[in-house]
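Worksheet: one structure, shown below.
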Amino acid sequence: MRNVRFFGNVPATKSRYGSHYGEKIFEYRGERYREWIPWRSKLSAMLVKGHEIDLKGNEKILYLGAASGTTISHLADIVDEGILYAVEYSAKPFKKLLELAKIRENIIPIFHDASKPWEYSGIVEKVDLIYQDISQKNQVEILKLNSHFFLKDRGRILMMVKAKSIDSTAEDEEIFRRVLEELSKSFDILLTDSLEPFHKGHIFVYGRKV
Amino acid sequence: MLKLRYNLWFGELGEVLEVSKDLRKSFEGAKNPTPLPFNVSELGLKVFGKDYYGLLRKIAIEVSEEKVEKELRSDDKYVVALVKALEEIEEAMNNLKEKKEELEEVRETEILENFSGSISNLERLKERIEEEIEVVMQRISPNLVEIAGAKIGAKLIEKFGSLENLAKAPASKIQIVGAEKSLYKAIARIKRGKEAKIPKHGIIFTHPFIRGLPKNKRGKMARFLASKISIAAKIDLFRGELEEGLYDSVKKRFEELRRL
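Here the protein sequences come in this chain order: A and B.
Here the first sequence stands for residues 1 to 210, where the numbers follow this note's numbering.
Here the second sequence stands for residues 211 to 470, where the numbers follow this note's numbering.
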């Protein structure tokens with residue numbers, strides 16, 4: 001993927017910025033890299049498991065559940081000519097995210113509840129990709145709602161699903177099956193896989209708006 | 211005919227675009243009930259040129275920084291107030307139900323319907339407050355919610371006065387908080403040289419992992435749960451992000467005790 005290089009089994013993103021969450025910074029052939037450990041980031045885990053999503057570097061991305069910005073800091077390295085709208089509603093991690101947004105010119109921090117996209121509807125533009133990593137029961141509904149507000153036609157979604165947050169009693173496989181069934185009403189599923197062993201009980205789903 | 215108006219972060223679009231004189235204010239008011247039928251950035255780029263994203267980012271940072279600071283200062287006070295309100299409502303509901311039954315025994319009267327109406331109004335209010343507690347707790351204390359549930363977590367915060375106080379409290383206190391009355395009674399009996407049962411759990415007693423165990427194992431579970439709640443509160447206070455694995459350890463302990 002663009003601006004991503006593997007060093008052994010661990011990816012790193014090419015970056016001119018410093019460390020955001022304690023990740024290692026190193027040089028390779030005159031370029032600076034930030035180590036991207038799969039245990040810390042679901043997107044990294046997805047890459048380590050051999051999957052990729054197509055990013056040219058100038059995409060407009062809406063990121064739901066940015067938390068303290070671990071993954072988004074690497075995504076900002078990848079789409080270095082694009083724009084990332086980072087939505088997070090939890091105050092403490094958001095403060096850390098703000099530190100990142102103050103340094104990175106392509107991150108726009110939005111302190112709002114992702115389940116209420118109308119509240120930021122006059123801020124976020126139409127985007128190429130919605131990335132979602134929120135552990136909430138109704139995360140599929142939230143994704144659909146945001147896709148309705150902001151995703152371009154044929155735009156893509158990348159969703160990280162944690163079985164336990166959707167239903168703590170059912171079997172993981174059953175929960176994932178239900179999520180995929182629900183998603184496939186609005187999206188073509190392009191790719192999906194488990195994120196084990198890096199993230200227990202998680203899968204990712206990559207799809208395209210129909 | 212209804213004139214369409216769109217609230218954009220840099221102004222209002224009706225028949226013409228009125229660019230905002232106070233961008234922070236218009237940023238906060240950029241809400242629209244339905245998706246915009248155009249792309250806000252295309253319009254914005256026409257107005258501001260290549261400065262569009264730089265300006266948007268600057269305003270976004272300024273506005274959210276102020277909001278986040280304000281919320282950090284008041285969020286757990288909000289939870290405390292909600293829990294207090296909830297307890298009052300539950301008590302009022304119980305009283306009303308009791309009075310209604312007393313009336314029913316004496317006479318069939320129309321007033322009974324008014325009673326039922328008030329009770330169901332309170333029931334709705336109660337549900338609404340519980341939903342709000344769930345939302346706020348998820349935001350300020352995701353780990354506490356994960357292992358104790360929103361309601362127990364909120365009650366603990368209320369009892370200790372703030373998330374910070376809860377995080378600083380010893381686990382032994384967390385374990386029995388809410389059962390002070392029987393604790394002091396037991397201590398008083400012991401001081402008098404008599405036998406007494408010391409309570410093993412208070413607020414956390416309603417947790418399914420404790421109630422789901424036979425009586426002789428509840429004490430062990432309560433002690434373990436309280437220690438994990440203490441850790442959860444500390445993570446919530448200092449980091450505020452969900453810690454994977456915390457819930458699994460609690461569940462594992464529950465399964466172990468159940469099998470024993």
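In this text, a Cβ means the ideal position worked out from N, Cα and C, and glycines have one as well.
Checklist entry - Roughly how many whole angstroms lie between the Cα atoms of residue 87 of chain A and residue 128 of chain A? => result A straight-line Cα-Cα distance of about 16 Å links residue 87 of chain A and residue 128 of chain A.
Checklist entry - Any chance the region 434-452 of chain B sits against the region 383-396 of chain B, with 3 or more Cβ pairs inside 8 Å? => result yes
Item to check | Environment of residue 301 of chain B [buried if 16+ CB atoms lie within 10 Å] | outcome: exposed
Checklist entry - On the three-pair Cβ rule with 8 Å, is the region 17-27 of chain A touching the region 44-60 of chain A? => result Touching, no.
Item to check | Near-chain A residues of the region 239-257 of chain B (beta-carbon distance less than 7 Å), N- to C-terminal order | outcome: 240, 241, 242, 243, 245, 246, 249, 250 and 251
Checklist entry - What is the DSSP secondary structure of residue 136 of chain A, reduced to helix, strand or coil? => result DSSP places residue 136 of chain A in the coil class of the three-state scheme, outside both helix and strand.
Checklist entry - Shortest alpha-carbon distance to residue 197 of chain A belongs to which of A/168, A/41, A/189 and A/141? => result A/41
Next on the checklist: Looking only at its chain, what residues have a beta carbon closer than 8 Å to the beta carbon of residue 368 of chain B, apart from the 5 residues adjacent to it on each side?
Outcome noted: If we look at residue 368 of chain B and ignore the five residues flanking it on each side, its Cβ neighbours are 289, 290, 293 and 294.
Next on the checklist: Using only the alpha-carbon positions, how far apart do residue 17 of chain A and residue 285 of chain B sit?
Outcome noted: Taking the straight line from one Cα to the other gives about 33 Å.
Item to check | Inter-residue Cα distance where the pair is residue 483 of chain B and residue 351 of chain B | outcome: Because chain B here runs from 211 to 470, residue 483 of chain B falls outside it and cannot be looked at.
Checklist entry - Can you name, in chain order, every residue of its own chain whose Cβ lies under 7 Å from the Cβ of residue 444 of chain B, other than the five neighbours on each side? => result 377
Checklist entry - Since residue 98 of chain A meets chain B, which of its residues come closer than 9 Å, beta carbon to beta carbon? => result 271, 274, 275 and 278
Next on the checklist: What does the alpha-carbon distance come out to for the pair residue 140 of chain A and residue 178 of chain A?
Outcome noted: 10 Å
Checklist entry - Sorry if obvious, but does the Cβ on residue 218 of chain B come closer than 7 Å to a heavy atom of the ligand SAH? => result No copy of the ligand SAH appears in this structure; indeed no ligand is present at all.
Item to check | Minimum C-alpha distance to residue 32 of chain A - residue among A/12, A/176 and A/99 | outcome: A/12
Item to check | Nearest candidate by alpha-carbon position, reference residue 168 of chain A, set B/296, B/441, B/310 and B/461 | outcome: B/461
Next on the checklist: Please list, in chain order, the chain A residues whose beta carbon lies closer than 9 Å to that of residue 232 of chain B.
Outcome noted: Ordered by position in chain A, no residue passes the 9 Å Cβ test against residue 232 of chain B, which lies about 15 Å from the chain.
Next on the checklist: I'd like to check one pair, residue 201 of chain A with residue 187 of chain A: are the Cβ atoms closer than 8 Å?
Outcome noted: Residue 201 of chain A sits away from residue 187 of chain A, with the two beta carbons spaced by 8 Å or more.
Checklist entry - Applying the criterion that 16 or more other CB atoms from any shown protein chain within 10 Å of the CB defines a buried residue, is residue 43 of chain A buried or exposed? => result buried
Next on the checklist: Could you tell me which whole alpha helix (DSSP H) segments of length 4 or greater appear in the region 88-112 of chain A?
Outcome noted: The region 88-112 of chain A contains these whole alpha helix (DSSP H) runs: 91-103.
Next on the checklist: Within 10 Å of its beta-carbon, does residue 79 of chain A have 16 or more other beta-carbons around it, so buried, or fewer, so exposed?
Outcome noted: Looking at its Cβ environment, which holds 16 or more other Cβ atoms inside 10 Å, residue 79 of chain A is buried.
Checklist entry - Taking Cβ positions, are residue 69 of chain A and residue 97 of chain A nearer each other than 8 Å? => result yes
Next on the checklist: Residues of the region 278-294 of chain B in Cβ contact with chain A at a cutoff of 7 Å, in chain order, please.
Outcome noted: 278, 281, 282 and 285
Checklist entry - Going by Cα to Cα distance, which pick from A/71, A/119, A/205 and A/83 is closest to residue 182 of chain A? => result A/205
Checklist entry - What does residue 83 of chain A touch in chain B if you count any residue whose Cβ is under 7 Å from its own? => result In chain order, 263 make up the part of chain B whose C-beta sits under 7 Å from the C-beta of residue 83 of chain A.
Item to check | beta strand (DSSP E) runs contained entirely in the region 146-192 of chain A, provided each spans 3 or more residues | outcome: Every unbroken stretch of the beta strand (DSSP E) spanning 3 or more residues and falling wholly within the region 146-192 of chain A is given here in chain order: 151-162.
Next on the checklist: Out of B/224, B/430, B/345 and B/398, which one is the CA nearest neighbour of residue 359 of chain B?
Outcome noted: Of B/224, B/430, B/345 and B/398, the smallest CA-CA separation from residue 359 of chain B is found for B/345.
Item to check | Residue from B/265, B/244 and B/257 with nearest C-alpha to residue 233 of chain B | outcome: Selected option, being the one with the closest Cα: B/265.
Checklist entry - Per DSSP, residue 263 of chain B forms a beta bridge with which residues? => result Answer is none; residue 263 of chain B lacks a bridge partner.
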